[in-house]
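Heads up: the sequence shown begins at 2 in this note's numbering, then just goes up one per residue.
Yeah, the Cβ is synthetic: ideal placement off N, Cα and C, and Gly gets one too.
See structure below.
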Amino acid sequence: MNKRVLAGILSMVMASGMSAVPALADDAGQELDVAVNAEVKTLVPWAASESQAFLVMNQAQEGLFRMDADNVPQPALCDKYEVSDDKLTYTFHLRDGIKWSNGEPITAQDFVYAWLKQMSADATNGYSFLMTDYIVGGQEYNEGSGSEDKVEVKAVDDKTLQVKLKNPTPYFLGLTTMSMFFPVNQKFCEAQGDQFDVTPDNMLFSGPYKITEYDPAVGATFVKNDQYWDADNVAIENAKVRVMKDSAAALNAYKAGELSQVEITGTDVAANKDNPEFSQLTDFRTNYLQFNLTDPVMSNVDMRKAISLAIDRKTLVDSILADGSAAGTGLIADGMAGDGSKTFRELNGDVSPYDPEKAKECYDKAVKELGSDAPKEVTLLIGDDSVMKTVATFIQSQLEQNLGLSVKIDTKTMQGRGEQMDANNYQFGFTAWGADYDDAMTYLDLWTNGTPYRGNYKNDDYNKLIADAKSQTDDKARLQDMLDAEKLLVETDAVVAPIYHRGHAVLTKSNLKDLVSHPIGVPMEFKYAHFE
């Protein structure tokens, strides 16, 4: 997600010390409690960009479709739809009787209003492209060169929404499961002004739950939404998402029955392998180093290559994380779709290998090229959760060992890290992206706009590959464009250094069933869960 897909879905990681958890520990009762390791900083749909917010919003809101337990989008607020023969026009028919939590009807115009807000200059979450890249008239509206009435998202009537796309988009239904595509009641939103979605009193809900308490630094409390169209199939009445940055505290909370599920790693994984509450999950999320190409040091491509080549990713995932994560051999996460017979990762191979000898060659070349600007120390910007700190310390030791380069670690809150990167105030930062849909484009089109958060990368050849891939009707040619784009971004230009593809080991209370986690898009579903 964001998603920036940034870290922290499910609950805390890196619980320190070997600590087997008794399988019969006190459960969390009839309240479902999970934790995230960073602030839930906003719930405004067109401002939220972090996975913590997506997790919260997905329980309280709903779109046209919702992901099922098999990661397949299923009709939600719509009950049927049609696609034109040219695969460009989607017509969605809303369910009878769907209501907001205040009892007012949910209409097609609620979707039009929300989608236009996401495509407008009001959107600050960096996700406008999920609409503007696909919907006719969206890009022009976003840039100010086109009018609102030219955007092809139309309410035919109160129960019918019609959308026209620029090109066939096989994953479009999956996109509609995401928070940017949720409806918003225009009258209610405008009545709240700048307080919209700031407190529960300023919120309306279309999903399985209502939020009764919300504090960005603390989390959110939920109660079942009795106005929800499928309320009869929502078993759990109460739930919480808690902000817990300290991983050891999260594990202790799980032991005490205060959490229903917790992530573990390292020695705790080994200690709990035989625990019936133990399982391993995967998601399509890549944690990576983002280099700032406007920084005098990081503008040197050999310096960037040296840093990437100097990091032993396999040792990191096998010996440090030990949670099922895979070495970051490319930007596109391990397991994502390729040509049907092989995954994207299998097709493109290792584009970010560990090669300390070549790393030193690149580093020496960079030092020579930089001359008096050659650094004695570089600064790595990270967030303040346990995993980032652990991985950053490992990277620090690798660069000092293999390059002789000192690394200062600049630790900020997750929000502060993002803001600092957005402000172009960093040399290189540790961040992540989780797939919004099962296609490599969910990663690759992020680097076409030259923003500070994406390292200020501007390359016409790269942009052409992405544009061609988006307009291709030949699947084979489209895939080749994306394979070439990843190699250009990661291997040739070394704009990013993929570190690992995230996996996670979890402990889940034995009486909690069907708590669904998704490797793509929204992180988790409370709707399907129940206690025995």
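Counted as a single uninterrupted DSSP element, the beta strand (DSSP E) harbouring GLU378 occupies residues 378-383. DSSP lists GLU378 as the beta-bridge partner residues of SER407. Assigned with DSSP and collapsed to three states, ASN239 falls in strand. Counting along the chain, PHE223 sits inside no alpha helix (DSSP H); it lies in the beta strand (DSSP E) bounded by residues 220-225. Closest option to GLY419, judged by alpha-carbon separation, among ASP446, THR432, ASP340, SER146: THR432. In the structure shown, ASN349 falls within a helical segment according to DSSP collapsed to helix, strand and coil.
The Cβ-Cβ distance between GLN119 and MET181 falls below 7 Å. Cβ-Cβ distances below 6 Å link GLY504 to THR283, ASP324, GLY325, SER326 in the same chain, with the five nearest sequence neighbours on each side left out; the list follows chain order. One thing to note: VAL235 has its Cβ within 7 Å of the Cβ of PRO209. By the Cβ criterion, the region 490-503 is not in contact with the region 472-481, since fewer than three pairs of Cβ atoms, one from each stretch, lie closer than 8 Å. Using a Cβ distance threshold of 7 Å, VAL507 and GLU264 count as a contacting pair. Residue ALA498 holds the alpha-carbon nearest to the alpha-carbon of LEU381 among ASP86, ALA498, TRP448. Within the model, the alpha-carbon separation for THR474 versus ALA192 is close to 45 Å.
In the DSSP secondary-structure assignment, THR92 is bridged to GLU83, GLN163. For GLY430, the enclosing beta strand (DSSP E) begins and ends at 429-435.
Within the same chain, and ignoring the five residues on either side of PRO376 in sequence, the residues whose Cβ sits closer than 6 Å to its Cβ are VAL298.
Put simply, of ASP247, ASP296, PHE279 the residue whose alpha carbon is nearest the alpha carbon of MET422 is ASP296.
Counting other Cβ atoms within 10 Å of its Cβ, ASP198 reaches 16 or more and is therefore classed as buried. Short of 7 Å from the beta carbon of ALA307, and not among the five residues preceding or following it, lie these beta carbons of its own chain, in chain order: ALA360, CYS363, TYR364, ALA367, LEU404. The closest CA to that of ALA115, considering only SER129, GLU370, GLU105, is found on SER129. Assignment of alpha helix (DSSP H) within the region 439-490, counting only whole runs of 4 or more residues, yields 442-445, 461-472, 476-487 in chain order. In this chain, the beta strand (DSSP E) harbouring LEU508 covers 497-509.
For ALA307, the enclosing alpha helix (DSSP H) has its first and last residue at 302-310. Contact annotation: the region 394-404 touches the region 307-318, with at least three C-beta pairs closer than 8 Å.
For the options GLY430, GLN399, GLU401, the alpha carbon positioned closest to that of ILE383 is the one of GLY430. Going by beta carbons, ASN293 and TYR427 fall inside the 7 Å limit.
With 16 or more other Cβ atoms from the protein chains shown falling within 10 Å of its own Cβ, VAL523 counts as buried. Residue range 52-61 is occupied by the alpha helix (DSSP H) that includes MET58. Rounded to whole angstroms, the gap between the alpha carbons of THR391 and ASN168 is 43 Å. In this structure, PRO74 lies near GLY175, with their beta-carbon atoms less than 7 Å apart.
Sequence-distant partners of HIS94 (beyond 5 residues in either direction) whose C-beta falls short of 7 Å from its own C-beta, in its chain, are CYS79, ASP80, LYS81, TYR82, LYS160, THR161.
The C-beta of VAL224 has fewer than 16 other C-beta atoms within 10 Å across all chains shown, which makes the residue exposed. Contact check for LEU89 against LEU166 passes: the beta carbons are separated by less than 7 Å. Assigned with DSSP and collapsed to three states, PHE197 falls in coil, not helix or strand. With a 10 Å radius around the Cβ and a threshold of 16 neighbouring Cβ atoms, VAL154 comes out buried. With fewer than three CB-CB distances shorter than 8 Å, the region 338-347 does not count as touching the region 523-533.
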